[in-house]
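Colleague: Please find one structure pasted underneath; my questions will follow.
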Amino acid sequence: MAMDNTVTVTGNITRDPELRFTAGGTAVTTFGLACNRRWQNRQTNETEEQVSFFDVTCWSSLAENVSESLVKGTRVIVNGRLEQRTWETQDGDRRSKIEIIADEVSPSLRWASVEVTRNERRDGGGGGRYQDGGGGGRYQDGGGGRSQRSQPQQDYVVDEEPF
């Protein structure tokens, strides 16, 4: 019986991505992701909120692009798989956590605009990177091709930002 372990989450980065390299030279980047869920309580008519926090791990060219491009506070969409890690502390306690191993990471375009610029391939992998320059960002996609710039929405209101 085949089991599908694919997850897609949208949220805000809670800490700047941290790039490291394995002993074999493979890039690995980790960052935190907060996903908010809001709903109306039918009994009290008040809005309630629940926040879930995830650790996200990216490998190879995706890891390098994420670490170069994303910062704390950026709203992203992460697609990947769930993986559980278990370890033992120095006191002998067993701990475990579930993290997301990312296949794709991209900026959310609900409250932002981006410029797509394709960059040269690195070590046989595509992948993209997002740069936020303050007045809209740039998402650079690994491949080859043309660039296009999205114009910011004219009726954009800062108070509507989710982050």
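Under my numbering, the residues of the sequence shown are numbered 50 to 212, in order. No residue lacks a Cβ here, since even glycine has one placed at the ideal position from N, Cα and C.
Return the bridge partner residues of residue 60 from the DSSP annotation.
Modeller: Beta-bridge pairing by DSSP links residue 60 to 125.
Colleague: Shortest alpha-carbon distance to residue 154 belongs to which of 103, 81, 126?
Modeller: 126
Colleague: Restricting to Cα atoms, I'd like to know which of 152, 84, 137 is closest to residue 101.
Modeller: 84
Colleague: Helix or strand or just coil, what does DSSP make of residue 54?
Modeller: coil
Colleague: Are the Cβ atoms of residue 162 and residue 59 separated by less than 7 Å?
Modeller: no
Colleague: To the nearest angstrom, how far is it from the Cα of residue 128 to the Cα of residue 164?
Modeller: 21 Å
Colleague: May I have the straight-line CA-CA distance separating residue 64 from residue 124, to the nearest angstrom?
Modeller: 12 Å
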